[in-house]
Amino acid sequence: MGAEAIAAVLVMIALLWLIVQPMVLPGNTSEQPDDPPDMEETDRGRALLALREIEFDQATGKLSDDDFAELHARYTKAAVTAIEADPAGVTASDAIEGMIAARVATISDGANGFCEQCGARLPADAAFCAMCGAPARR
Amino acid sequence: MKPATKFAIGAAVIVSAVTLLIVEGVRQTGTYFLTPTQLVERVRDDTTFHDVGLKVSAKVVRGSISRDVASRQIDFRISDGTAEFPVRYVGLVPDTFTDANDIDVVVEGKYGRDGVFHAVDVIAKCGSRYEAVWEEPAGTLTRR
Amino acid sequence: MTLLGDFALWAAMLIGLWTAAMAFFVPWQSRPALATSITRGAHAACLALLVAAVALWRGLFTHDFNIEYVAAYTARNLPDYYLVTAFWAGQKGSLLFWAVVLSIFGALAQLLTPSRHRDLLPYVAGVTSVVLAFFVGVMLFGDGANPFERLPFTPPDGRGLNPQLQNPGMIAHPPTLYLGYISITIPFAFAIAALLARRLDTGWIIAMRKWALASWLFLSIGITIGMWWAYIELGWGGVWAWDPVENASLHPWLTLTAFLHSVMIQEKRGMLKRWNVGLVIGTFLLSIFGTFITRSGVIASVHSFTQSDVGYFFLAFLFVTAIASFTLLYTRWPALAPEAKLESMLSREGAFLYNNLALVGIAFSVLWGTLFPILSEAVHGTKISVGPAFFNRVNVPLGLFLLLLTGVGPLIAWRKASPANLRRQFIAPTLGGLVTLATMLGFGMRAFYPLVSLTLTGFVTVTVIQEFTRGVRARMRLHAENALLALVHLVGRNRRRYGGYVVHIGIVLYFIAFTGMAFRTEQTVELAPLESATIESPYGHTYTLTHLGVSQYAALNRHVSAATLDVARDGVRIGSIKSEKRQHVDSFGNPTFEPSTEVGIRSDLREDLYVVFGGTPDGTERAQYKIVVNPLVSWFWIGGVVLVIGGLLTMWPGGPQIRAARRIMPQAGYAVPLASVSE
Chain A
7 MGAEAIAAVL VMIALLWLIV QPMVLPGNTS EQPDDPPDME ETDRGRALLA
57 LREIEFDQAT GKLSDDDFAE LHARYTKAAV TAIEADPAGV TASDAIEGMI
107 AARVATISDG ANGFCEQCGA RLPADAAFCA MCGAPARR
Chain B
213 MKPATKFAIG AAVIVSAVTL LIVEGVRQTG TYFLTPTQLV ERVRDDTTFH
263 DVGLKVSAKV VRGSISRDVA SRQIDFRISD GTAEFPVRYV GLVPDTFTDA
313 NDIDVVVEGK YGRDGVFHAV DVIAKCGSRY EAVWEEPAGT LTRR
Chain C
680 MTLLGDFALW AAMLIGLWTA AMAFFVPWQS RPALATSITR GAHAACLALL
730 VAAVALWRGL FTHDFNIEYV AAYTARNLPD YYLVTAFWAG QKGSLLFWAV
780 VLSIFGALAQ LLTPSRHRDL LPYVAGVTSV VLAFFVGVML FGDGANPFER
830 LPFTPPDGRG LNPQLQNPGM IAHPPTLYLG YISITIPFAF AIAALLARRL
880 DTGWIIAMRK WALASWLFLS IGITIGMWWA YIELGWGGVW AWDPVENASL
930 HPWLTLTAFL HSVMIQEKRG MLKRWNVGLV IGTFLLSIFG TFITRSGVIA
980 SVHSFTQSDV GYFFLAFLFV TAIASFTLLY TRWPALAPEA KLESMLSREG
1030 AFLYNNLALV GIAFSVLWGT LFPILSEAVH GTKISVGPAF FNRVNVPLGL
1080 FLLLLTGVGP LIAWRKASPA NLRRQFIAPT LGGLVTLATM LGFGMRAFYP
1130 LVSLTLTGFV TVTVIQEFTR GVRARMRLHA ENALLALVHL VGRNRRRYGG
1180 YVVHIGIVLY FIAFTGMAFR TEQTVELAPL ESATIESPYG HTYTLTHLGV
1230 SQYAALNRHV SAATLDVARD GVRIGSIKSE KRQHVDSFGN PTFEPSTEVG
1280 IRSDLREDLY VVFGGTPDGT ERAQYKIVVN PLVSWFWIGG VVLVIGGLLT
1330 MWPGGPQIRA ARRIMPQAGY AVPLASVSE
């Protein structure tokens, strides 16, 4: 009985301390920087993810070339808009992403194709395949 | 046609299909779930009720079970305190089916014109079994 | 230890009420110290309830039969591991178990959520604290619901554990199911927190979606283990009886499955926000409703739980929560407007919308059937009940429609699809379905629903295989990876998508197993020693079972009558099968509980031979048996394992990363003109 009462008192002190401690001894806990948001939480990230998905859907044959071009152009624009709207939030890799996305958009508008040798995607202005070095023939 | 309109049409088809399935399902498979008193009253008012398959929820009358080994036939009586009638069932019953301590039972079948409920299924419940009041056995340790 | 236990319960309830009051009624937004203090409430309540749990387990392990709960559910001769599980064997312990787990989840939600969601976290703590205070309150104020209640005397031995609970399945079944029910509270808490904080972007969804997945996974495991337990312990030879208590676990599973699909539309397109919040609230309410059904005895069920006024606490809680949540949703209605419109019905969004309707439709029909006795009595004054026949009639077609969508959805691109591409996607899966159909027809199967079901399972399986192979091929082409590396990266970088496909395969296996149930055969026989019975398997072979005899012996806490049958398939002996009747006894040798039955099962991938010993009439050497041939039952358990693997894949830590995105385009051959970005 006695031991139980002591245990109960100890538990009560621990509980009260847990709740009261942040108020009486406010540390600098809230000063830690926040971890960066997930890609899906930002407009930029969502647009980039959408671009990734559109690429992949085309690669697996789900999107027709027309739909691909239209969707791709739209989401590239969305990504660029998002980056322009919030340039401060752009990390180095994000910036590269956006450039790639924008670049891809311009390429995609042109005659796009695949290497006959190895199947890698060829940019519109490529003379040779970047993957295997074969001359680009389309 | 706008996508939203197309979706609404599809949604309406699904919702009505679900509704139809539920209504038809209840109409064709719903069975009356009665107490013995309700059943006895119903049958008195309308004798065609003898031919309707239904379920009855009641308690097994203590000591009323008799088993015929050869034919695996079990006869017992059920009651809700007011009405009581015999039940006949052929087959294996669950372990929980006894006439020892007022167990709840649900029988499914037809209440025949011979006054016997011919069950096709017997489900025994064992709700109140070990929630009996604790009785202090003689000579046990007393509270410390 | 009851003093400490009681104290811990009171402490947990007061902390819960305090935390909730501070979270909801005190402006903490501008006071970080207060906000931290509120979130600490979740940790403090967890600590208090852990103390209570230790107190109860101590009572169980020290055989302190002066505690009513210990005396009611354990005995001195109960094996030690069942002392652990006796914690949740009865209603009081289940309530405590529920509260303990909820408090752990509540604390984990605070610990694991990234700090950028800190304007949600105090609200989350508030919601979990309210639910927690409710459960602890039921224990403290409910009629005979306090697990630490003492008896006025000490019985020399306890009454022991219900033999149906003395089974490995029962060790895992209630806890996993509870874990599922309970963990829904966390997504619910995040939904309410987002509504209160008016943070209605996708942030709250991302903060809680792993919880929703975990909850779904626990529910799936709990339901599957429940099926297994019913199969080997209840002795009627089936896995799912559409009993109200079983249905109660299915409702939240269905709405949660719907949510896991529709939430993707919100993440990608900013649509369906209202629907998703509604689904989360609905799922939580259905899990509380399930507790109400199992605890109140309002609906007749074969599951025997204690019936007490505790159920009505849950009903009241259900109504209050429903009104409060939906009122809150209503006040935030305009803020939850969709950001985009559906572009085309021919898109994955379209398929998901129908999948949601079908899932919610099934959930509604099951709920309707479960509640029908009450509804009909209220409307007509006569109770009308619907049984398995109703649920099968309604849900078989809906389930098959859902299975069709399981195959169709993955084939369609997000946003919009072109009919020409779609046709190409459908060629292989359709062929897969047709080949399955032709094979089954060739085997002589003529039943309509099983044929449809198996055709669709073929269709869905080929869909999933095609998704994997095309994905691997695309990666091999785009990234010049070998097949294995491509597969690893494909799954690793799109865990939810490909984990989801693995789950689909698990679901396909469940459907195959359910289809097998349509071909079960059973018969009841009574055999003298060395007399034989034959039963035909749907595959065409014949089992001959010869009754060898009944042996009787005493085990640790029971008397056993074991009946043995020799089994031959088409005249060739393949082994023996044993089924037992057990009479449990306490440590003084007095019988406790009614006799229970251990079924005998011979299982292989094709079918189970399932034997139930019905007893020996009046001490003769004869034995009564129920003999069942259950085709394809093993596939339930295999499907369960596949489903868990898929579920774990989707939950594996790590989301889409910038690093991964960078490798989409290995344009190594030319320089990116940096200036073009600002064009």
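Residue numbers (my numbering), protein chains in the order written: chain A, 7 to 144; chain B, 213 to 356; chain C, 680 to 1358. Just so you know, even glycine gets a beta-carbon here, dropped at the ideal spot from N, CA and C.
Check	Outcome
Interface residues of chain B facing C/SER1266 [CB-CB closer than 8 Å]	Ordered by position in chain B, no residue passes the 8 Å Cβ test against C/SER1266, which lies about 14 Å from the chain.
Uninterrupted beta strand (DSSP E) stretches inside the stretch 1045 to 1109 of chain C (no shorter than 3 residues)	none
Rounded distance between the beta-carbons of C/ARG1011 and C/ARG878, thought under 8 Å	Incorrect: roughly 10 Å between the Cβ atoms, too far for contact.
CB contact check: A/GLY116 to chain C, cutoff 7 Å	Residue placement at A/GLY116 is poorly supported in this model, since its pLDDT is 44, which falls under 50; the coordinates are not used for a value here.
Proximity to C/LEU1328 [Cα-Cα], best of C/VAL1167, C/LEU1227, C/LEU1050 and C/ILE1144	C/VAL1167
Beta-carbon neighbours of C/THR881, restricted to chain A and to distances below 7 Å	GLU46 and GLU47
Beta-carbon separation (whole angstroms), C/ILE900 vs C/VAL1181, contact threshold 8 Å	About 15 Å separates the two Cβ atoms, so there is no contact after all.
Bridge partners - C/ARG1281, DSSP secondary structure assignment	C/LEU1288
Cβ-based burial, A/GLY116 [other Cβ within 10 Å; buried from 16]	Reliability fails at A/GLY116, whose pLDDT of 44 lies under 50, so the model's placement of it is uncertain and no value is given.
Near-chain C residues of the stretch 243 to 258 of chain B - C-beta to any C-beta below 7 Å	THR243, TYR244, PHE245 and LEU246
Residue-chain proximity (C/ASN745, chain A), Cβ-Cβ < 7 Å	no
Member of C/PHE1292, C/PRO835, C/ASP759 and C/PHE703 whose CA lies at the smallest distance from the CA of C/VAL623	Any property of residue 623 of chain C remains undetermined from this structure, which presents chain C solely from 680 to 1358.
Residue-level contact to chain C via CB, B/VAL319, 7 Å cutoff	no
Same chain, Cβ closer than 7 Å to C/GLU1273, neighbours up to 5 away in sequence not counted	none
Continuous alpha helix (DSSP H) stretch holding B/ALA331: start and end	Careful: B/ALA331 lies outside any alpha helix (DSSP H), inside the beta strand (DSSP E) at 329 to 336.
Sheet register partners of C/LYS1257 (DSSP bridge)	C/THR1243
Spatial neighbours of C/PHE1190 in its chain, beta-carbon cut-off 7 Å, leaving aside the 5 residues before and after	LEU1082, SER1132 and THR1136
For C/ALA1165, the first and last residue of its enclosing alpha helix (DSSP H)	1162 to 1172
Closer than 7 Å to chain A by CB, C/LYS1020	no
C-alpha gap between C/THR1118 and C/THR1142, whole angstroms	19 Å
First and last residue of the uninterrupted beta strand (DSSP E) at B/ARG284	Run containing B/ARG284: none; DSSP gives neither H nor E here.
Any chain B beta carbon closer than 7 Å to C/THR764	no
Chain-ordered chain B contacts of C/ALA870 [CB-CB under 8 Å]	Those within 8 Å of C/ALA870 in chain B number zero; the least Cβ separation is about 24 Å.
Completely contained alpha helix (DSSP H) runs for the stretch 947 to 975 of chain C, where each covers 4 or more residues	952 to 975
Exposed unless 16 or more other CB atoms sit within 10 angstroms - verdict on C/ASN1269	exposed
Below-7 Å beta-carbon distance, A/GLY8 vs any chain C residue	no
Identity of the residue in C/THR715, C/PHE971, C/THR764 and C/LEU696 nearest A/PRO28 by Cα	C/THR715
Closer than 8 Å at the beta carbon, the chain A residues around C/ALA1153	PHE62, ALA65 and THR66
Burial state of C/PHE813, where buried means 16 or more other Cβ atoms lie within 10 Å	buried
Cβ shell of C/ILE1256 (< 7 Å), same chain only, five flanking positions each side left out	LEU1244, VAL1246, GLY1279, ARG1281, LEU1288 and VAL1290
Short CB-CB distance (under 7 Å) between C/ALA690 and chain A	yes
Span of the alpha helix (DSSP H) around A/GLU76	71 to 91
Residue from C/TYR752, C/LEU913 and C/ARG797 whose Cα sits closest to the Cα of C/SER709	C/ARG797
Residue environment, A/TRP23, which counts as buried when at least 16 other CB atoms sit within 10 Å	exposed
Three-way DSSP call (helix, strand, coil) for B/PHE245 in this model	strand
Chain C contact for A/ALA91 (CB, 7 Å cutoff)	no
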